[in-house]
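Q: Residue numbers (our numbering): 3 to 264. Following this message is one structure expressed as structure tokens.
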DNA sequence: ATTGTGGCCTGCCCGC
DNA sequence: TGCGGGCAGGCCACAA
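So this is what it looks like as structure tokens:
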């Protein structure tokens, strides 16, 4: 599903192909997909005639800056959303998402004056479009978080470590698969209170979180982790062979190795 | 503020 | 072969 690596790929796609092209029409057939009180008429009025000057990303939120400096389009992809520009895709298949591309799954699109099309394909409709999204509500991006920032984000929380990593207000961009991968690499029990980490464990977590984000981005997606294929009933830890445990942590299905994740 | 829970969305997959 | 239930998780509303 789209976590940070996928949304970063969408950002690069938008940067390469969507900037500088005047918007001629907005296609917003799904009112549910427009968030923050937005409707089709308002988003059309806001965007027709504008061009995008920059494509940014904070966590899993893709931000398109419109010319004039007074308008930002925020795109959220939920679990099954994909971005296509002129039929160019940024990622391969998405885990948990249908592989096909049906017209009725286009929840939002922009027609450019040159005839090109930017569209969001989202079978499960968990994504959305918002104007001027509240960027300040997001924590520091997981791809660039420093050791001190990560420590500050988690060191006083009584919540389970994994829940804290998933909280976009504190660290932005970590989804379920990257959280499990990073904690598995770092050898940390996802159920541990976040504030229980020692200084050495903070360093380990930072190192492995950054490495997991970088590796999975390079490999092509959040589903490419070393743990991922073992997250299934009967799955064993590829490090030490112990049977993986499964539980709900932070409201999400969580798999971890009881032998080396402490 | 923090933390936890439930619901939303819908296609897919399994067992019957 | 069809059917129904369970499942997937990002995000938000809500409760205490």
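Just so you know, even glycine gets a beta-carbon here, dropped at the ideal spot from N, CA and C.
Contact defined as beta carbons within less than 8 Å: I believe residue 23 pairs with residue 58. What is the distance between those atoms, to the nearest angstrom?
A: Position 21 of the first chain, counted from the first residue, corresponds to residue 23. Position 56 of the first chain, counted from the first residue, corresponds to residue 58. Residue 23 to residue 58, Cβ: 17 Å. No contact.
Q: If you follow the beta strand (DSSP E) that residue 170 is in, where does it begin and where does it stop?
A: Taking the first chain and counting its residues from 1, one reaches residue 170 at position 168. Segment: none, residue 170 is in no beta strand (DSSP E) and carries neither H nor E.
Q: Would you call the CB atoms of residue 244 and residue 261 closer than 7 Å?
A: Translated into positions along the first chain, residue 244 becomes position 242. Translated into positions along the first chain, residue 261 becomes position 259. Contact: yes.
Q: Grab me the residues of residue 113's own chain with a C-beta within less than 7 Å of its C-beta, minus the 5 sequence neighbours each way, in chain order.
A: Start at 1 with the first residue of the first chain, and residue 113 comes out as number 111. Counting only Cβ-Cβ distances below 7 Å, and skipping sequence neighbours, we find 26, 27, 29, 119.
Q: Assign residue 146 to one of two classes, buried (16 or more other C-beta atoms within 10 Å of its C-beta) or exposed (fewer than that).
A: By 1-based counting over the first chain, the position of residue 146 is 144. Counting Cβ neighbours within 10 Å, residue 146 comes out exposed, since fewer than 16 surround it.
Q: So what does DSSP say about residue 67, is it helix, strand or coil?
A: Stepping through the first chain from its first residue, residue 67 is reached at position 65. Residue 67: strand per DSSP, three-state reduction.
Q: So does the segment 132-144 actually touch the segment 157-177, counting three or more Cβ pairs closer than 8 Å?
A: As far as the Cβ criterion goes, the segment 132-144 touches the segment 157-177, which means the pair count is three or higher.
Q: Of the residues 12, 237, 14, 214, which one's Cα is nearest the Cα of residue 180?
A: Position 178 of the first chain holds residue 180. Closest by alpha carbon: 214.
Q: Look at the Cβ atom of residue 196, then the Cβ atom of residue 246, and state whether they are nearer than 7 Å.
A: Start at 1 with the first residue of the first chain, and residue 196 comes out as number 194. Start at 1 with the first residue of the first chain, and residue 246 comes out as number 244. No, the Cβ-Cβ distance between residue 196 and residue 246 is not below 7 Å.
Q: With which residues is residue 229 paired in a DSSP beta bridge?
A: Within the first chain, the letter at position 227 stands for residue 229. Note: residue 229 sits in no beta bridge, so no partner.
Q: I need the boundaries of the beta strand (DSSP E) containing residue 258, first residue and last residue.
A: Along the first chain, one-based indexing puts residue 258 at 256. Counting along the chain, the beta strand (DSSP E) containing residue 258 begins and ends at 254-258.
Q: Let me check one thing: in DSSP terms, what residues is residue 245 bridge-paired to?
A: Mapped onto the first chain, residue 245 falls at position 243. Paired residues: 238.
Q: Just to confirm my understanding: we take residue 257, look at its own chain, exclude 5 residues before and 5 after, and list those with CB closer than 6 Å. What are they?
A: The sequence position of residue 257 within the first chain is 255, counting from 1. Once the five neighbours on either side are set aside, the close Cβ partners of residue 257 are 182, 233, 246, 248.
Q: Please go through the same chain and pick out, in chain order, the residues whose beta-carbon is closer than 8 Å to the beta-carbon of residue 161, but skip the five residues on each side of it.
A: What you label residue 161 is simply residue 159 of the first chain in a count that begins at 1. Once the five neighbours on either side are set aside, the close Cβ partners of residue 161 are 169, 195, 196, 252.
Q: When the Cα of residue 100 is compared with those of 187, 92, 126, which residue comes out closest?
A: On the first chain, residue 100 is found 98 positions in, with the first residue counted as 1. Minimum Cα distance to residue 100 is reached at 126.
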